[in-house]
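Participant: Protein chains in written order, with my numbering: chain H, 69 to 404; chain B, 30 to 485.
Cβ atoms here follow ideal geometry from the backbone N, Cα and C, with glycine treated the same way.
Let me begin by handing over the structure; questions about it come next.
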């Protein structure tokens, strides 16, 4: 019985949150990696682009709520995602047309692209703050929990309970659906194959008649979908705050590089690697251990490897270690 | 000579703008902006050495700035004796443990061949070391942080003069750059950018959360100053006489004696803050001029030529027998040390150390915009970039507010759009900086004052 309790404690406080957080990171990391693979630059505007898409979802959610639309037990935000994605793609295409395309045609070095994306980051951040302001916003409605700890305890008769928030379940399910559709698209359709060909060798792809404009367009469309969904899911789970999204860019980068930048599947797994590492290293194991050990051996300290303040530092250290030992990432990424 | 005309014109416009602020807002604000412009200029000199001379992209500027700031606390604050008594021993033991870990890891790496076993043993040594560190440090840290937590709760510094800390800040930042350079310099350009960005984040989070070191997010206030304090000036005879002399014509216009005294008091208060800021300006200007001379000399020396050769064509330079790895590391250390110096200068100027305020937006990306806008590879350009961008960063909000009021003046006071725009005026600075960067990158990629190569 104690063993079961210990497992449930671990599951409730580490595995479920890490899965949800990892899914959010994974979507962002695939976004980074796609841009890197096809357009060939590190996009420093990642976090703010995700925030920009989420901003539309938040505004539309408020609008729908005022009209009385809703999905009942599910959050209204899910209804607004398609519209937010459209706005996001529109914004990305405008940015691409006026900013990035010039450097792409000139074949500028990646460093210049990165600096340009810093400029885009500033502009996007300004637009977000001017439109919606920097404050904290919650836009979750509908049922909050799927399983409550007390109910779980009553049903199973265990001392520990499992809490499953609806946002966590939605995050994991939506991520799996979106990512599987995306992999199907990349690997099985003709357009997806042409994208991969363009990413592998631009000149050969051009030679075999692949239209670069079309590839770039499709990349931004997929990027818009991923960025918006990732951003909205994060906002639903925690809350929407522009500043936090900028900070999230850093673990997202870490996930993309750990998985091997340019490799979407690696980025997907990288998101979970980073999330699990962050949570496992900063979790206090006291309660878990005290179920497993006999009573007189109970530990006094929290048994925490690092305090939760260092959550981000953990993922960055992993990144540094990966860069040192295997710069191409765990799953061999692309080295342009 | 024609080339210098641009430089002189650009700088005159900049100084004119600052004087305009002095006339329209106040001289105190103008001097604050000027001081920050000078500090930014030091940072851009540092970043420009790395990017403009050697083509290294360092997004970790925030980390070195924070470390320079930390140096001010560690050097100039009086030591907290009680904290040393209760927990100093544990902290010293921890330092020894860290040194021991480094030596053991180095020993393993040197002694054994590359293998899985070696990797595992290094990992287990580090993991075991961290656990040992935590066990040793925990009681000490708890004891230190409980010593009068509202005021101290940290080890304090060495109680030395604050100017000394500028050198220490540069040294600290330089030694950190040595470690980071050893780790990360082999990476490709955009990887290096990301890695340095994240490492800087780690450093700031350590400074933020280790409260025994510098009070973390609880901030250290009331740091020493290399300039006189306003309060002392306001009570000293010579200063009041000086103010009276300067404003005698204005004072003579006032007839009643009590009014005269009041006016004089107000003038003394204003003048004291201006005087203190002028002292800082003098100090900062000295630093900037020294750095400018040294970096200009270096740029046009054989060493500078070598750096440019490495930047423009690594393979050719390497074929000529230049040690690229060594030169990159050297320049990475030099640039970072200058940024650390700027960090120490900034904390000295503010008189307080607030680790919570170190954010990549303000301390990494804005500095980069300065370098790009001003002119990569040209020190005059980099300094000008520091001035222009900092000026825009500070003055964008008032200018935006003015423009919003101008364009919405036909709308009623309570109009929702107008109120919303006025509330969001501070964020127009991001817009101005971003659009400025994009325009410069597109239409003048070499910056306002481009790099020029003198043929020798």
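Would you mind giving the Cβ-Cβ distance between residue 227 (chain B) and residue 393 (chain B), rounded to the nearest angstrom? I have them listed as a contact below 8 angstroms.
Facilitator: Taking the first residue of the second chain as position 1, residue 227 (chain B) is located at position 198. Taking the first residue of the second chain as position 1, residue 393 (chain B) is located at position 364. The pair is not a contact, with the Cβ atoms about 11 angstroms apart (cut-off 8 angstroms).
Participant: Which of the three DSSP states is assigned to residue 176 (chain B) in this structure?
Facilitator: In the second chain, the residue the question calls residue 176 (chain B) occupies position 147. Coil.
Participant: Run through the segment 192-264 of chain H for me and flag every whole beta strand (DSSP E) of 3 or more residues, listed as ranges in chain order.
Facilitator: Fully enclosed beta strand (DSSP E) runs of 3 or longer: 213-215.
Participant: Establish whether the CB of residue 93 (chain H) and some CB of chain B are separated by less than 7 angstroms.
Facilitator: Residue 93 (chain H) sits at position 25 when you count from the first residue of the first chain. It does not; no Cβ of chain B falls within 7 angstroms.
Participant: Would you say residue 230 (chain B) faces chain H, with C-beta separation under 7 angstroms as the test?
Facilitator: Position 201 of the second chain, counted from the first residue, corresponds to residue 230 (chain B). Answer yes: the Cβ-Cβ gap between residue 230 (chain B) and chain H drops below 7 angstroms somewhere.
Participant: Against residue 397 (chain B), what residues of chain H qualify as contacts under a CB-to-CB distance less than 9 angstroms, listed in chain order?
Facilitator: Locating residue 397 (chain B) in the second chain gives position 368, where the first residue counts as 1. By Cβ distance, chain H contributes 183 and 186.
Participant: Tell me whether residue 431 (chain B) is buried or exposed, calling it buried when 16 or more other Cβ atoms sit within 10 Å of its Cβ.
Facilitator: For the purposes of this step, residue 431 (chain B) is taken as residue 402 along the second chain, with counting starting at 1. Answer is exposed; the Cβ neighbour count stays below 16.
Participant: Per DSSP, residue 352 (chain H) forms a beta bridge with which residues?
Facilitator: Your numbering for residue 352 (chain H) matches position 284 in the first chain. Paired residue(s): H:372.
Participant: Alpha carbon to alpha carbon, how far is residue 381 (chain H) from residue 280 (chain B)?
Facilitator: Start at 1 with the first residue of the first chain, and residue 381 (chain H) comes out as number 313. Start at 1 with the first residue of the second chain, and residue 280 (chain B) comes out as number 251. Each residue's Cα considered, the two are about 60 angstroms apart.
Participant: From residue 364 (chain H) to residue 362 (chain B), what does the alpha carbon distance come to, in whole angstroms?
Facilitator: Along the first chain, read from residue 1 onward, the residue named residue 364 (chain H) stands at position 296. Along the second chain, read from residue 1 onward, the residue named residue 362 (chain B) stands at position 333. Using only the alpha carbons, I get a separation of about 54 angstroms.
Participant: Taking the CB atoms as reference points, tell me whether residue 476 (chain B) and residue 364 (chain B) lie closer together than 7 angstroms.
Facilitator: For the purposes of this step, residue 476 (chain B) is taken as residue 447 along the second chain, with counting starting at 1. For the purposes of this step, residue 364 (chain B) is taken as residue 335 along the second chain, with counting starting at 1. No, the pair does not count as a contact, with Cβ atoms beyond the cut-off.
Participant: Mind checking if residue 382 (chain B) is an interface residue toward chain C, Cβ cutoff 7 angstroms exclusive?
Facilitator: Absent here is chain C; the protein component of the structure consists of chains H and B.
Participant: For residue 462 (chain B), go through chain H and note every residue whose CB falls closer than 7 angstroms to its CB, in chain order.
Facilitator: Residue numbering aside, residue 462 (chain B) sits at position 433 when the second chain is read from its first letter. Those within 7 angstroms of residue 462 (chain B) in chain H are 190.
Participant: In the DSSP assignment, the alpha helix (DSSP H) including residue 89 (chain H) goes from what residue to what residue?
Facilitator: To locate residue 89 (chain H), count along the first chain from 1; it is residue 21. Per DSSP, residue 89 (chain H) belongs to the alpha helix (DSSP H) from 84-102.
Participant: Cβ of residue 332 (chain H) less than 7 angstroms from any chain B Cβ?
Facilitator: Stepping through the first chain from its first residue, residue 332 (chain H) is reached at position 264. Output row for residue 332 (chain H): interface = no.
Participant: Residues of the segment 270-281 of chain B in Cβ contact with chain H at a cutoff of 7 angstroms, in chain order, please.
Facilitator: Correct list: empty, as no residue qualifies.
Participant: What are the partner residues of residue 50 (chain B), as DSSP defines its beta bridges?
Facilitator: Numbered from its first residue, the second chain carries residue 50 (chain B) at position 21. Partner(s): none; residue 50 (chain B) has no beta bridge.
Participant: Spell out whether any CB of chain B is found under 7 angstroms from the CB atom of residue 128 (chain H).
Facilitator: Sequence index remark: in the first chain, residue 128 (chain H) carries index 60 (1-based). By this cut-off, residue 128 (chain H) is not an interface position.
Participant: Going by DSSP, what residues sit across from residue 382 (chain B) in a beta bridge?
Facilitator: Within the second chain, the letter at position 353 stands for residue 382 (chain B). Per DSSP, B:249.
Participant: Could you pull the DSSP bridge partners for residue 142 (chain H) from this structure?
Facilitator: Translated into positions along the first chain, residue 142 (chain H) becomes position 74. Beta-bridge pairing links residue 142 (chain H) to H:139.
Participant: Could you check what DSSP says for residue 392 (chain B) in three-state terms: helix, strand or coil?
Facilitator: Start at 1 with the first residue of the second chain, and residue 392 (chain B) comes out as number 363. Residue 392 (chain B) falls in the helix class under three-state DSSP.
Participant: Is any beta-carbon of chain H found at less than 7 angstroms from that of residue 86 (chain B)?
Facilitator: Along the second chain, read from residue 1 onward, the residue named residue 86 (chain B) stands at position 57. Chain H, which has a Cβ nearer than 7 angstroms to the Cβ of residue 86 (chain B), makes this yes.
Participant: May I ask which residues mark the beginning and end of the alpha helix (DSSP H) holding residue 331 (chain B)?
Facilitator: Counted from its first residue, the second chain places residue 331 (chain B) at position 302. 331-341 is the span of the alpha helix (DSSP H), which, as asked, contains residue 331 (chain B).
Participant: Please identify the residue among B:436, B:406, B:446 and B:454 whose C-alpha is closest to the C-alpha of residue 82 (chain B).
Facilitator: Sequence index remark: in the second chain, residue 82 (chain B) carries index 53 (1-based). It is B:406 whose Cα lies nearest to the Cα of residue 82 (chain B).
Participant: What does residue 321 (chain H) touch in chain B if you count any residue whose Cβ is under 9 angstroms from its own?
Facilitator: Your numbering for residue 321 (chain H) matches position 253 in the first chain. Ordered by position in chain B, the residues that pass the 9 angstroms Cβ test against residue 321 (chain H) are 223, 226 and 227.
Participant: Per the DSSP calculation, residue 40 (chain B) is bridged to which residue(s)?
Facilitator: By one-based count along the second chain, residue 40 (chain B) stands at place 11. Note: residue 40 (chain B) sits in no beta bridge, so no partner.
Participant: Could you compute how far the alpha carbon of residue 63 (chain B) sits from the alpha carbon of residue 416 (chain B)?
Facilitator: Walking along the second chain from the start, residue 63 (chain B) turns up at place 34. Walking along the second chain from the start, residue 416 (chain B) turns up at place 387. For residue 63 (chain B) and residue 416 (chain B), the distance between alpha carbons rounds to 8 angstroms.
Participant: Quick one: what does DSSP say residue 308 (chain H) is sitting in, helix, strand or coil?
Facilitator: Start at 1 with the first residue of the first chain, and residue 308 (chain H) comes out as number 240. Residue 308 (chain H) falls in the strand class under three-state DSSP.
Participant: Which of the three DSSP states is assigned to residue 256 (chain B) in this structure?
Facilitator: In the second chain, residue 256 (chain B) corresponds to position 227, counting from 1. Of the three classes helix, strand and coil, the one that applies to residue 256 (chain B) here is coil, per DSSP.
Participant: Do you know how far the Cα of residue 276 (chain B) is from the Cα of residue 314 (chain B)?
Facilitator: Position 285 of the second chain, counted from the first residue, corresponds to residue 314 (chain B). Position 247 of the second chain, counted from the first residue, corresponds to residue 276 (chain B). Whole-angstrom Cα-Cα distance: 27 angstroms.
Participant: Just to confirm my understanding: we take residue 403 (chain H), look at its own chain, exclude 5 residues before and 5 after, and list those with CB closer than 7 angstroms. What are they?
Facilitator: Start at 1 with the first residue of the first chain, and residue 403 (chain H) comes out as number 335. At residue 403 (chain H), the pLDDT of 41 sits below 50, so the modelled position is not reliable and the matter cannot be decided from this model.
Participant: Mind checking which residues open and close the alpha helix (DSSP H) that includes residue 64 (chain B)?
Facilitator: Position 35 of the second chain, counted from the first residue, corresponds to residue 64 (chain B). Note, residue 64 (chain B): alpha helix (DSSP H), 56-77.
Participant: Could you list which residues in chain B have their beta carbon closer than 8 angstroms to that of residue 375 (chain H), in chain order?
Facilitator: Counting from one through the first chain, the residue named residue 375 (chain H) turns up at place 307. Ordered by position in chain B, the residues that pass the 8 angstroms Cβ test against residue 375 (chain H) are 238.
Participant: Since I believe residue 349 (chain H) is in contact with residue 387 (chain H) (beta carbons under 8 angstroms), could you give me their beta-carbon distance rounded to a whole number of angstroms?
Facilitator: As a first step, residue 387 (chain H) is located in the first chain; it is residue number 319 there, counting from the start. As a first step, residue 349 (chain H) is located in the first chain; it is residue number 281 there, counting from the start. Residue 387 (chain H) to residue 349 (chain H), Cβ: 14 angstroms. No contact.
Participant: If residue 88 (chain H) and residue 305 (chain H) are in contact, beta carbons under 8 angstroms, what's the gap, nearest whole angstrom?
Facilitator: Reading the first chain from its first residue, position 20 is the one you call residue 88 (chain H). Reading the first chain from its first residue, position 237 is the one you call residue 305 (chain H). 6 angstroms between Cβ atoms; contact.
Participant: Compute the distance between the beta-carbons of residue 241 (chain B) and residue 173 (chain B), then report whether it is under 7 angstroms.
Facilitator: Within the second chain, the letter at position 212 stands for residue 241 (chain B). Within the second chain, the letter at position 144 stands for residue 173 (chain B). Yes.
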